[in-house]
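**Q**
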Amino acid sequence: MFRKIGLSGLSVVVLASVLSGCGDSGKNAESAGTADAGGEKVKIRILTRLASDQPNATAFRDKVKEFQQLNPNIVVEDLSVEDEGTFNTKFKTAVASGDVPEVFANYGGAAFAEYAKQGVAMDLSEILDSDKEWSGSYLDVFENWKFPDVPGTYAVPYEFYAIGIFYNKDLFAKANVEVPATIEEFEAAAQKLKDAGIVPMALGEKDTWRGGHLYSVLVDKKMGGQIADDIRNRTAKYNDQPFIDVLTQMKSWQQKGFLGDNIVSIDVNAEKNMFHTEKTAMHMDGSWYIGEAGQSPISDKVGFFPFPYYGDKPENKDVWMGGAGGAFSISGKAEGAKKEAAIQLLKFVTSPESFQYYQQVQKGGVFPVKIESDPAKVDPLTISYSEAFKDATFKAELYSYDPLPQMMDTVRNGIQGMFAGLAPEKAAKSMQDQVDKLLK
Amino acid sequence: MISNRSKYATAALFLLPAFAVYTVLLIYPVLQSVFMSFYEWNGIAGSKMVFSGLDNYKTMFQMPEFWTSLANVLKFILIGFALQMPLSFFLGYLISRKMKGNRFFKTAFFMPVVLPMTAVALMWTFILFPNGGLFNTLLTEIGLGNLVRNWLGDTTIVTYTTPIINMWVYAGLNMIIFSAGIVGIPEQLYQAAAIDGATGWRKLRYITIPLLKDTFKIYAVTCFTGSLRVFDIIFVMTSGGPNGASDVPATLLYYQGFKYMNFGLANSIGTFILVAGLFLSIVTNRYLNNDK
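Each protein sequence line maps, in turn, to chains A and B. Add 83 to a position in the first sequence, counting from 1, and you land on the number used in my numbering. Add 3 to a position in the second sequence, counting from 1, and you land on the number used in my numbering.
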């Protein structure tokens, strides 16, 4: 009988073991693969989130295919998955088992410093310095992959983003609303849209990053770019009054119906669907959405404007949430022919020519490099977008500057909790409590 | 004649492959999981594991979200016993009777078990969608609009919604367990009871239920262990939200390990699930032991 009990009990931990038992002390450090020491075929693996049928992903895959045709001796195995959660699990499992794909995507930030320190990602400084023709085309967007206590540059960005507001010109006209420049004008416009029976700016807060983005943008506009450093240095606290004010404002928008109904049950896809079916007049998103907007049923009605600023804080008008998004790193364990092949692929997919190709396929889009855009092939949305942020300074999501990796979820969940009923003061306090607890 | 010793050697040889697979795929990971729960490790191969004694367990018990997750497990267990068990028993009783359309009902009730949990969870997410979801629309249409709720977005409701969906999925499986138990009861007992004048309800009360003690024991053990390790339905339907309200130990384990790189803490949660499951299984077996 006891054995029976034991077996049923053991089954309890199967999930736990599968999820957590994969770590070891690095005995499996040598990466798998079929690299041929004789120099015939080299196999490298790439892990990105460019796996969907969206134009940005198909364009990238086209380039990988082209690379393979040009380099028949290199076999590229694409392990990419689009879903963020699945991607993270796949990547972290690879890190834990010491078998990281030769080229992998990541988003950098303070949490990535540990990977840089432990040699999960390779320092690319030398490679960048030795090929100025390639690296010289880049904008100054490497901040997320440089760390104060780890010298070097650990990734090459392939995405550039800036958060603003896409809007439906027809719905604005219907409600007799002008494009708002300030937050105060935004609130007045939202009220008018609401009165006209239109959801002003739906928010799919089931995906907690939606509220996180709104919060970060508002914090930037209220407190300026310096606040990121203050959070990093702990000279600012998440429950300081200006943060509570921002949360209170977000809550009031929810209560007034500006963000739609039951927002914590709606995900980003439902949110976009509302925009595409003209149920909501505005959609806050990054520049990666340009391609999708161009292919949506309302493509000819979509316009763009920068996120409004606080009328009493004009000095923060040009602080945008944005910067380099995704980037490619090379595994710190890659050696010999695999390393060379990985570098070759990295340079190929991030060359100015490749970015030009991505822009053409997406009929627009902004990138972290200086490229000549062909106005005949690039949509007006990209042009207005690029115009809007030409004087901008970019800051990533606020909590990505926090050295505690838990804070991203803590802040995002706190915001979701607030939308689900928690008072703004309590939500802010729960965020700071987590910092205090983790620093103990 | 083959000696006993040689018989054992042959048996051991045949058992060896299964034992090896079982050891490599289950025993070893479990032991490693327990071992790692006493260390701090950031999830990076090659980085040092630092012995931390019981610190991970201390942290775990100090986490308010851990207690929330246990409270949610308790709700799974309570709903499992209060609603799922009677329902499964009733369905099992129903399909064990000789009646028309028996096979159809058996298949229909079992269908949710066959479907992938992710698909089921997504389907219910859409059904429970607050705006335009089937369930709320239905409530409104039949004049019960005042009962319309945000079933997955309200922190006070979501912890009951998910166990009920879980019940919908597993009632079919438990129906089979109960049905197998009912079919195993000798027909003569019912005939003898009928001669003594027992009616349908009395037969159920004095023959069926007492003779299903073992089946109820199996149900109790699977209910406890299943509730403790529930993961997929929560992960797909709510990701533990809103704001961690529907988290269960397995989602916390996942987040600690794969999001926050606290593999030691994640393993201590895994070990807790193991120990709690074992403990509840032993207690259940002891209290429902037939020999006593």
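All C-beta atoms, glycine included, are put in the ideal place defined by N, C-alpha and C. Just so you know, these numbers come straight off a predicted model, no measurement behind them.
Less than 8 Å between the C-beta atoms of B/L86 and B/M178, yes or no?
**A** Contact: no.
**Q** Does any residue of chain B bring its CB to less than 8 Å from the CB of A/L522?
**A** Judged by the 8 Å Cβ criterion, A/L522 is not in contact with chain B.
**Q** Please return the same chain residues whose Cβ sits closer than 8 Å to the Cβ of A/N496, not counting the five positions on each side in sequence.
**A** T291.
**Q** Who are the near neighbours of A/D214 in its chain, counting only those whose CB is closer than 8 Å to its CB and skipping five residues on each side?
**A** The residues are K430.
**Q** Report the three-state DSSP secondary structure of A/G168 (helix, strand or coil).
**A** Three-state DSSP puts A/G168 in a helix.
**Q** State the beta-bridge partners of A/I127 as determined by DSSP.
**A** Per DSSP, A/V159.
**Q** Whole angstroms are fine: how far does the CA of A/R317 sit from the CA of A/P486?
**A** Straight-line Cα distance between these residues: approximately 10 Å.
**Q** Is the beta carbon of B/G267 sitting closer than 8 Å to the one on B/S36?
**A** Taking 8 Å as the Cβ cut-off, B/G267 and B/S36 do not qualify as a contacting pair.
**Q** Using the beta-carbon count (16 or more within 10 Å), is A/E242 buried or exposed?
**A** So A/E242 ends up on the buried side.
**Q** Under a CB-based cut-off of 8 Å, is A/Q201 close to chain B?
**A** Output row for A/Q201: interface = yes.
**Q** Could you spell out the range, first to last residue, of the beta strand (DSSP E) harbouring A/G405?
**A** 402-407 is the extent of the beta strand (DSSP E) around A/G405.
**Q** Can you tell me whether A/I88 is buried or exposed? The criterion is at least 16 other CB atoms within 10 Å of its CB, across all chains shown.
**A** Residue confidence is low: A/I88 scores 37 on pLDDT, short of 50, so the model does not pin down where it sits. Its coordinate-derived value is still stated next. The residue in question, A/I88, is buried, as its Cβ has 16 or more Cβ neighbours within 10 Å.
**Q** Which residues in chain A have a C-beta closer than 7 Å to the C-beta of B/M63? List them in chain order.
**A** Those within 7 Å of B/M63 in chain A number zero; the least Cβ separation is about 13 Å.
**Q** Does the Cβ of B/R232 have 16 or more other Cβ atoms within 10 Å, making it buried, or fewer, making it exposed?
**A** The residue is buried, with at least 16 neighbouring Cβ atoms inside 10 Å.
**Q** Checking 8 Å against the spacing of the C-beta atoms, do A/G202 and A/G419 come in under that value?
**A** It is not a contact, given that the beta carbons lie outside the stated cut-off.
**Q** May I ask you to list, following chain order, the residues of the segment 151-184 of chain A that have a beta carbon less than 7 Å from some beta carbon of chain B?
**A** Listed by position, the residues of the segment 151-184 of chain A near chain B (Cβ gap below 7 Å) are N171, T172, K175, V178, A179, S180, G181.
**Q** Please go through the segment 203-261 of chain A and give each complete alpha helix (DSSP H) segment of 4 or more residues, from N-terminal end onward.
**A** Those alpha helix (DSSP H) runs which fall completely within the segment 203-261 of chain A and span 4+ residues are 208-213, 215-218, 252-257.
**Q** Using the three-state DSSP reduction, which class does A/K304 fall into: helix, strand or coil?
**A** Reduced to three states, the DSSP call for A/K304 is helix.
**Q** In chain order, what are the residue ranges of uninterrupted alpha helix (DSSP H) at least 4 long that sit wholly in the segment 15-59 of chain B?
**A** The qualifying runs are 31-39.
**Q** Fully enclosed by the segment 97-175 of chain B, which alpha helix (DSSP H) runs are 4 residues long or longer?
**A** Within the segment 97-175 of chain B, the complete alpha helix (DSSP H) runs of at least 4 residues are 105-117, 120-130, 137-144.
**Q** Where does the unbroken alpha helix (DSSP H) through A/G497 begin, and where does it stop?
**A** Its alpha helix (DSSP H) spans residues 489-502.
**Q** Please state whether DSSP places B/M307 in a helix, a strand or coil.
**A** As shown, chain B starts at 4 and ends at 295. That puts residue 307 of chain B outside it, with no answer to give.
**Q** With DSSP collapsed to three states, give me the class of A/K146.
**A** Three-state DSSP puts A/K146 in a helix.
**Q** I want to see whether chain A comes within less than 8 Å of B/M102, judged by CB atoms only; does it?
**A** Output row for B/M102: interface = no.
**Q** Can you pull the chain A neighbours of B/S72, defined as C-beta to C-beta under 9 Å?
**A** Within 9 Å Cβ-Cβ: nothing; B/S72 doesn't reach chain A, min ~13 Å.
**Q** Please list, in chain order, the residues of the segment 96-125 of chain B that have any C-beta partner in chain A closer than 8 Å.
**A** Flagged: no residues at all.
**Q** Helix or strand or just coil, what does DSSP make of A/F189?
**A** As written in the sequence, residue 189 of chain A is Asn, which differs from the Phe given in the question. Three-state DSSP puts A/N189 in a strand.
**Q** Around the C-beta of B/K103, are 16 or more other C-beta atoms found within 10 angstroms, so that it is buried, or is it exposed?
**A** It is exposed - the Cβ of B/K103 has fewer than 16 other Cβ atoms within 10 Å.
**Q** Ordered along the chain, which non-local residues of its own chain (more than five positions away) have a Cβ less than 8 Å from that of A/Y348?
**A** Contrary to the premise, residue 348 of chain A reads as Ser rather than Tyr in this sequence. Hits under 8 Å: K289.
**Q** Residues of the segment 148-159 of chain B in Cβ contact with chain E at a cutoff of 9 Å, in chain order, please.
**A** Checking the listed chains, one finds no chain E in this structure; the protein chains it contains are A and B.
**Q** Looking only at its own chain, which residues have a Cβ that is under 6 Å from the Cβ of A/D357, when we skip the five neighbours before and after it?
**A** For clarity, residue 357 of chain A is Met in the given sequence; the question names Asp instead. The answer, listed in chain order, is A285, T363.
**Q** Please identify, using Cβ separations under 8 Å, the residues of the segment 157-187 of chain B that lie next to chain A, in order along the chain.
**A** Cβ contacts with chain A come from D157, T158.
**Q** I need the straight-line Cα distance from B/Y42 to B/Y209, nearest angstrom please.
**A** Looking at the two C-alpha atoms, the distance is approximately 54 Å.
**Q** Alpha carbon to alpha carbon, how far is B/I47 from A/G191? Give it in angstroms, no decimals.
**A** Distance between the alpha carbons of A/G191 and B/I47 is about 16 Å.
**Q** Any contact of the segment 269-282 of chain A with the segment 366-384 of chain A, i.e. 3+ C-beta pairs under 8 Å?
**A** No, because fewer than three Cβ pairs between the segment 269-282 of chain A and the segment 366-384 of chain A fall closer than 8 Å, the two stretches do not touch.
**Q** What is the DSSP secondary structure of B/Y263, reduced to helix, strand or coil?
**A** The answer is coil: DSSP assigns B/Y263 none of H, G, I, E or B.
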